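Working notes, structure below.
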Amino acid sequence: MPAMPWWLLVLPLLAGALMPLQAGINGQLAKHLSSVLAAALISFLVGSLALLCLTLWQRELPSLAAFKGLSWWHWSGGLLGAFFIATAAFAGPRVGALLFMALVIAGQLTVAMLLDHYGWVGFRESPISLGKIGGLILIIGGIWLIRRS
3 MPAMPWWLLV
13 LPLLAGALMP
23 LQAGINGQLA
33 KHLSSVLAAA
43 LISFLVGSLA
53 LLCLTLWQRE
63 LPSLAAFKGL
73 SWWHWSGGLL
83 GAFFIATAAF
93 AGPRVGALLF
103 MALVIAGQLT
113 VAMLLDHYGW
123 VGFRESPISL
133 GKIGGLILII
143 GGIWLIRRS
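Residue numbers (our numbering): 3 to 151.
Here you go:
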């Protein structure tokens, strides 16, 4: 297996580092607008516009035939993203950035472990191990410690 390029490790690290900032910004937007859903909508509209511009710039518009081959679940990613953005705008300011992100990470890792174990939605199969379960237990312990302080 060839060495993984450094930027492939930095990119998800950066994306993760920006998540609490995004949650805070959307929380403040929701507070200013007095609407969690309006804040989530604005967040998605701005993100969609940015992606549209990048897609047009890269000339990566898919053909109509490519859309016809999609299953119902291919469309669910946007709904899941909307749920996360709305949840972040609502819960983030109420529980704090650290606890919010610790809970997000615990949820992400729990589902990621199942996705890898079964090879669902295109992930390569990687069986659940005691080390993976132990890591998840440590994160849950971290949540408990964060809640106590």
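Backbone N, C-alpha and C fix where the C-beta goes; we use that ideal spot for every residue, glycine too. Note that the structure is predicted; figures quoted are calculated from it, not measured.
The criterion of a C-beta distance shorter than 8 Å is not satisfied by Ala-32 and Ala-108. In the structure shown, Pro-14 adopts helical secondary structure according to DSSP, grouped into three states. Closest option to Leu-101, judged by alpha-carbon separation, among Trp-77, Ile-141, Ser-65 and Leu-63: Ile-141. Ranked by how close their Cα comes to the Cα of Val-123, the residues Gln-30, Ala-41, Met-21 and Trp-77 have Trp-77 in first place. DSSP places Met-103 within a helical segment (H, G or I) once states are collapsed to three. 8 Å or more divides the Cβ of Ala-19 from the Cβ of Ile-87.
In this structure, the alpha-carbon of Lys-134 lies about 31 Å from that of Trp-74. The residue from Leu-10, Leu-16, Val-113 and Ala-99 with its alpha-carbon nearest to that of Gly-26 is Ala-99. In the structure shown, the three-state DSSP call for Arg-150 is helix.
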